[in-house]
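Everything below concerns the one structure shown next.
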Amino acid sequence: MEYLFSHNTGLRDILNDKFIFLFLDYDGTLAPIADSPASATLSGKNKRLLRSLSKKPDCRLAIISGRSLEDIKVTVGLKDLIYAGNHGLEVEGPGIKFKSRVSPGSKSVIRRLYEEMAGKFSTIKGVFVEDKGLTISVHYRLVAEKDLKCFSSIFLEVTGPYVLSGKIGIDSGKKVYEIKPPVKWDKGKVVLWLLARRQFVSGKKKILSVYAGDDATDEDAFMALKKKGLTISVGNRSGSEARYYLKDAGEVTEFLKLIRDLRERA
Ligand SMILES: [Mg+2]
Numbered sequence: 010m011e012y013l014f015s016h017n018t019g020l021r022d023i024l025n026d027k028f029i030f031l032f033l034d035y036d037g038t039l040a041p042i043a044d045s046p047a048s049a050t051l052s053g054k055n056k057r058l059l060r061s062l063s064k065k066p067d068c069r070l071a072i073i074s075g076r077s078l079e080d081i082k083v084t085v086g087l088k089d090l091i092y093a094g095n096h097g098l099e100v101e102g103p104g105i106k107f108k109s110r111v112s113p114g115s116k117s118v119i120r121r122l123y124e125e126m127a128g129k130f131s132t133i134k135g136v137f138v139e140d141k142g143l144t145i146s147v148h149y150r151l152v153a154e155k156d157l158k159c160f161s162s163i164f165l166e167v168t169g170p171y172v173l174s175g176k177i178g179i180d181s182g183k184k185v186y187e188i189k190p191p192v193k194w195d196k197g198k199v200v201l202w203l204l205a206r207r208q209f210v211s212g213k214k215k216i217l218s219v220y221a222g223d224d225a226t227d228e229d230a231f232m233a234l235k236k237k238g239l240t241i242s243v244g245n246r247s248g249s250e251a252r253y254y255l256k257d258a259g260e261v262t263e264f265l266k267l268i269r270d271l272r273e274r275a
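With the numbering used here applied, the sequence shown corresponds to residues 10 to 275, in that order.
In structure tokens form, the structure reads like this:
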């Protein structure tokens, strides 16, 4: 991976004069990772940047998050953006409303698993089992070192049978496990779907797709855009499929500012 800002002049050329479709993960990308999802708020600076970018005619913005659609919409709190929640299982934006087909059986498996975990983990301090409707997040950032072993063994014991019978899929992120229904739909698929829609509207006009994300679930998007766009890992993570990296969420803000400034000068 190359450091994005080591190509400053080239980067300006790439970003200049094109329709940009900007896909941004939220946690760890637009807001630094916090102890709990509720405390990872969007800074005023980023909010202003996103708002001004969303108003540019040659720019489209989509927030692609693991949070539930409702949560990410409220957390970012801007109109005219596309929001993809639950890793793309639910999408909403101007003229778009989409919910992936998850069977009622799958939904009830997720519900049952949520209840089971909420009960079993009530004895370990610091575990936060988050019900996101179509998916579940199990956060363990605040679990004490001495309890981690116990946490893992309960997690494996509860989820094991569901994984083995193909009823759920698990992704692991930064101190969080994401439990999803076994549908073949992820951040990469939703990005390609949104791009195809946009290309249909834009006709022959070239679209530059840009994706920035910091975690394992963003790798699907990096792979999907491998030969098509600018892929940026937030944090220099070894083994990432992204072409470039930025050091942290603060540099993402700098990058958004660069795009806005280029657009304003145009
Ligand atoms: Mg993230």
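Beta carbons: idealized from backbone N, C-alpha and C, even for Gly. Values in this document were obtained by computation on a predicted structure and should not be read as measured data.
Two segments are said to touch when three or more pairs of C-beta atoms, one from each, lie closer than 8 angstroms; by this definition the region 196-213 does not touch the region 154-163. Counting only heavy atoms of ligand 1, the residues whose C-beta sits closer than 6 angstroms to one of them are, along the chain, 34, 36, 37, 38, 222, 223, 224.
Here residue 148 has 137, 185 as same chain residues with Cβ atoms under 6 angstroms from its own Cβ, once five neighbours each way along the sequence are excluded. Rounded to whole angstroms, the separation of the alpha carbons of residue 250 and residue 224 is 11 angstroms. Ranked by Cα distance from residue 237, the first of 252, 243, 213 is 252.
Scanning its chain for C-beta atoms nearer than 8 angstroms, with the 5 sequence neighbours on each side dropped, one finds around residue 62 the residues 31, 68, 70, 265, 268, 269, 272, in chain order. Fully contained in the region 21-83 are the following beta strand (DSSP E) runs of length 3 or more, in chain order: 28-33, 68-73. Counting along the chain, residue 221 sits inside no alpha helix (DSSP H); it lies in the beta strand (DSSP E) bounded by residues 216-222.
For residue 259, no beta strand (DSSP E) encloses it; the enclosing alpha helix (DSSP H) starts and ends at 258-274.
Inclusion of residue 28 and residue 215 in the CB contact set at 8 angstroms is warranted, their separation being smaller than that value.
Between the region 75-91 and the region 112-121 there are fewer than three inter-stretch CB-CB distances shorter than 8 angstroms, so the stretches are not counted as touching. A buried status is given to residue 76, since no fewer than 16 other beta-carbon atoms sit within 10 Å of its beta-carbon.
Note that the C-beta distance between residue 135 and residue 151 is below 8 angstroms.
Residues of the same chain with a CB within less than 8 angstroms of the CB of residue 52, apart from the 5 flanking positions on each side, are 40, 262 in chain order.
Taking the Cβ atoms as the reference, residue 19 lies roughly 23 angstroms from residue 258, outside the contact range of under 8 angstroms. DSSP places residue 128 inside the alpha helix (DSSP H), whose first and last residues are 113-129. Boundaries of the beta strand (DSSP E) around residue 180: 178-182. No residue range can be given for residue 133, since it is assigned to no beta strand (DSSP E) and is classified by DSSP as neither H nor E. Scanning 274, 25, 222 for the CA closest to the CA of residue 35 turns up 222. Annotated three-state conformation of residue 155 is helix, per DSSP. In this chain, the alpha helix (DSSP H) harbouring residue 197 covers 196-211. Closest by C-alpha distance to residue 120, out of 188, 33, 165, is 188. Residue nearest to residue 260 within the set 243, 82, 78, 132 is 243 (criterion: CA-CA distance).
Residue burial is scored here from C-beta neighbours: residue 74 has at least 16 other C-beta atoms within 10 angstroms and is therefore classed as buried. For the 8 angstroms CB-CB criterion, residue 94 and residue 78 form a contact.
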